[in-house]
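Protein chains in written order, with my numbering: chain A, 83 to 291; chain B, 29 to 210.
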């Protein structure tokens, strides 16, 4: 018979005679038997208490759990608020950046339109191409006058490869770059020009002022 | 609700009384615990533990219920701090009059024993749990046998003994067992 069954029968008063004497003897002599008996009574007591108080305990634990979730909620709300704030801030910042970019671009376009309104091509020199006769410079200017910019640029670059301070080549390259929309490149070529010679150049004024 | 009504409400599982206990007393415990090295969650757990101890282990109150809840909560917190060795960093240390008295200590120990039992009782099979509860509720042996499909009373009692044996083994394996039962 299991110890637990013995304990139950002893507590229920179902042991008698030799069984009872033997049980009580073990209880007084065997430490483990005695400790287990104490634990058994504790377990029986637990079940009894649980039966009596389970309903009240469930109510208390229910309320406790509701209250505890309220502790967490303010923190969650803060987290939610922070998230919401970022959801508002980030699109606003992106929006502002896009607006700034658009505005800068608009200003750039406006400035260029103003420059273009005043811009004048250099006067036609009436030069001739290499095929007919003349120098590489004549030919380059000839193509510029015909607005064949790619061919003209190629020849001016060849001239500048030999003489990087070539005034006419730099002047025309300034124009070509400007007409291509490469203002910085245009400024670079114009910066090599002798201001005294080209002081009346409209492009110089527009770009360098 | 009066002090006594709150106590009785807690014991009888009156939800309104429990809600009132929470709204009236938890803020006091919370402010004290948070002022003494604890968090709101610590205060909540401590408060709940105190109420469960009173519900399960305190059958008669000699002073006011509110006073008992506050005192037990504070003392329990001091006890916790002492175990964590952080007591010297808190104001609680100065309140020498506050500490668990013998009776409170006993109640707390009994409560912890209850929690230990509960922890492993819940790990038993549903049949084991129901069997023990039904028998303790005074349901007749015949009815229990029928409800849980036992062929005889002998089988049923043998099963109950096996359930209790298993439960006891689990409890004894827990590190808190020796601390609580020595």
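All residues carry an ideal CB built from backbone N, CA and C; glycine is no exception.
- By the Cβ criterion, the region 101-115 of chain B is not in contact with the region 83-99 of chain A, since fewer than three pairs of Cβ atoms, one from each stretch, lie closer than 8 Å.
- A distance below 8 Å between beta-carbons, with the five flanking residues on each side excluded, links residue 180 of chain B to the following residues of its chain, in chain order: 173.
- Apart from the 5 residues on each side of it in sequence, residue 204 of chain A sits with its Cβ closer than 8 Å to the Cβ of 226, 253, 254 and 257 in its chain, given in chain order.
- Around residue 89 of chain A, the same chain offers 119 and 122 as residues with beta carbons nearer than 7 Å, after the five sequence neighbours per side are excluded.
- The beta carbon of residue 93 of chain B sits no closer than 8 Å to any beta carbon of chain A.
- Inclusion of residue 260 of chain A and residue 251 of chain A in the CB contact set at 8 Å is not warranted, their separation being larger than that value.
- One finds 125, 128, 129 and 132 in chain A with Cβ atoms closer than 9 Å to the Cβ of residue 149 of chain B, taken in chain order.
- With its beta carbon at least 8 Å from every one in chain B, residue 181 of chain A lies outside the interface.
- Scanning B:196, B:67, B:57 and B:78 for the CA closest to the CA of residue 147 of chain B turns up B:196.
- Using beta-carbon distances, residue 72 of chain B counts as an interface residue toward chain A, with a partner under 8 Å.
- Per DSSP, the continuous alpha helix (DSSP H) segment holding residue 55 of chain B begins and ends at 43-62.
- Straight-line measurement puts the Cα of residue 91 of chain A at about 48 Å from the Cα of residue 61 of chain B.
- In chain order, 157 and 195 place their CB closer than 7 Å to the CB of residue 149 of chain B, counting only its own chain and leaving out the 5 sequence neighbours on each side.
- Listed along chain B are 38, 39, 40, 41 and 83, each with a C-beta nearer than 8 Å to that of residue 138 of chain A.
- Judged by their CB atoms, residue 101 of chain B and residue 57 of chain B are nearer to each other than the 8 Å cut-off.
- Look at the region 155-185 of chain B: the residues with a C-beta under 7 Å from a C-beta of chain A are 160, 161, 164, 165 and 185.
- Membership of residue 248 of chain A in any alpha helix (DSSP H) is not indicated, and neither H nor E is assigned to it by DSSP.
- Counting only Cβ-Cβ distances below 8 Å, residue 113 of chain A has no contacts in chain B at all, with the closest Cβ about 12 Å away.
- Below 8 Å, too few C-beta pairs join the region 139-149 of chain A and the region 100-117 of chain A to call them touching: fewer than three.
- Pairwise C-beta distances place the region 64-79 of chain B in contact with the region 88-102 of chain B, as three or more of them are shorter than 8 Å.
- The DSSP-derived three-state label of residue 67 of chain B is coil.
- CA-CA distance, residue 184 of chain B to residue 208 of chain B, rounds to 31 Å.
- Interface residue (Cβ-Cβ distance to chain A less than 8 Å): residue 63 of chain B is not classified as such.
- Residue 230 of chain A carries a coil assignment under DSSP once its states are collapsed to helix, strand and coil.
- For residue 265 of chain A, the enclosing alpha helix (DSSP H) starts and ends at 265-272.
- Short of 8 Å from the beta carbon of residue 96 of chain B, and not among the five residues preceding or following it, lie these beta carbons of its own chain, in chain order: 82, 86 and 89.
- Residue range 181-201 is occupied by the alpha helix (DSSP H) that includes residue 190 of chain B.
- In the DSSP assignment, residue 103 of chain B falls within the unbroken alpha helix (DSSP H) covering 93-112.
- Taking 8 Å as the upper bound on Cβ-Cβ separation, chain A lies near residues 46, 47, 50 and 54 of the region 46-59 of chain B.
- Not a single CB atom of chain A sits nearer than 8 Å to the CB of residue 89 of chain B.
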